[in-house]
Ligand code: SF4
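Numbering (the working numbering), first residue to last: -9 to 331.
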């Protein structure tokens, strides 16, 4: 490691000692405590695509309901999916269970402690394996999330745009990993990205490595990482049906595979590229359907416009659920139910 890199590591670790975020899945630096791999893994899975404030209540709920990986492995699928509702990316919840069961059954309820073995667990990707190996087991793994990519792009003023620049940013981050405090190093970089080297308005005046940051020297650090022009997100259309029977609402369970697979849901049409021409004809049962407006929802790969229809009536093969219990629905259906009720 060259002199500048050594200096950068030393300063950033010293900054982390004083400024580490207090998070319920962490062990503070120099506390002599080691973070619980189950909690690190759970938090990392939850934090992919969502923020710390949004994920934290879910993390606390999960660890209250299932304090160990064995407890989670023994949980019913439906219970876990319901507890996950609102975090989105439901395939992740299914993978979470697969992984917990593999740890319980094949590893005696103890997470393996190397990046390679962690990667071999079902549903545990390279990023999560690196994060658990570094944070829970202090292994010199290269943990590169969006925060770390941004910090690398700025420190080294990387002109290549994302996503093509990812391998270069990963290589730059790898060159800074060392056997010395690798867990703290991973968290120091994440924390710098989350609290100081922020996406839109970096707080360079508070940054411990500002004088060696090339993007700052260039005068417009917020323009890094460079991005390729984005393709517009495609739009899909559908209709959702809110059938009530007194205080109850008719729900269905979505098929196990695919978007929102296995989740409780309102009955809907398929989501197609054209608006639904005759939503009443497409309704799951005959009833005096009345329009209740439209809602918009954005998924990773498309935006959805859902017409919402409501009626009072009867139906077979549905799951009648009290209005007060609709809180566990995925956000898109919760929005539709709110529009109708
Ligand atoms: Fe980020 Fe500014 Fe620090 Fe550079 S100086 S790493 S842009 S906060």
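Here a beta-carbon is modelled for each residue, glycine too, at the ideal position from N, C-alpha and C.
Owing to the predicted nature of the structure, the values given are computational and were not obtained by experimental measurement.
Near the ligand SF4: residue i beta-carbon under 6 Å from a heavy atom
i	result
residue 134	no
Helix, strand or coil at residue i [DSSP, three-state]
i	result
residue 263	coil
residue 146	coil
residue 206	helix
residue 236	coil
residue 254	strand
residue 214	coil
residue 200	helix
residue 178	helix
residue 228	strand
residue 111	coil
residue 162	helix
residue 171	coil
residue 223	coil
residue 140	helix
residue 122	helix
residue 242	strand
Straight-line gap, residue i to residue j (C-alpha atoms, nearest Å)
i	j	result
residue -9	residue 141	18 Å
residue 94	residue 102	11 Å
residue 4	residue 181	13 Å
residue 50	residue -1	32 Å
residue 202	residue 45	33 Å
residue 69	residue 250	15 Å
residue 271	residue 298	14 Å
residue 334	residue 148	Given that the chain is displayed from residue -9 to residue 331, the structure contains no residue 334 and the question cannot be resolved.
residue 150	residue 312	53 Å
residue 39	residue 320	16 Å
Residue i Cβ short of 6 Å to the ligand ATP heavy atom set
i	result
residue 118	This structure does not include the ligand ATP; its bound ligands are the ligand SF4.
Open item on the list: Give the residues whose C-beta lies closer than 7 Å to at least one heavy atom of the ligand SF4, in chain order.
Closed with: 141, 144, 145, 182, 186, 187, 192, 193, 194, 197, 199, 200, 203, 205, 206 and 211
Task: Residue ranges of each alpha helix (DSSP H) within the stretch 48 to 108, 4 or longer - done: 59 to 63, 67 to 74 and 80 to 96
TODO: Write down every uninterrupted run of the alpha helix (DSSP H) in the stretch -1 to 45 whose length is 4 residues or greater and which is fully enclosed by it, in chain order.
DONE: 27 to 37
- [ ] Would you mind listing the beta strand (DSSP E) stretches within the stretch 273 to 325 that are 3+ residues and don't spill past its ends, in chain order?
- [x] 280 to 288, 293 to 302 and 309 to 312
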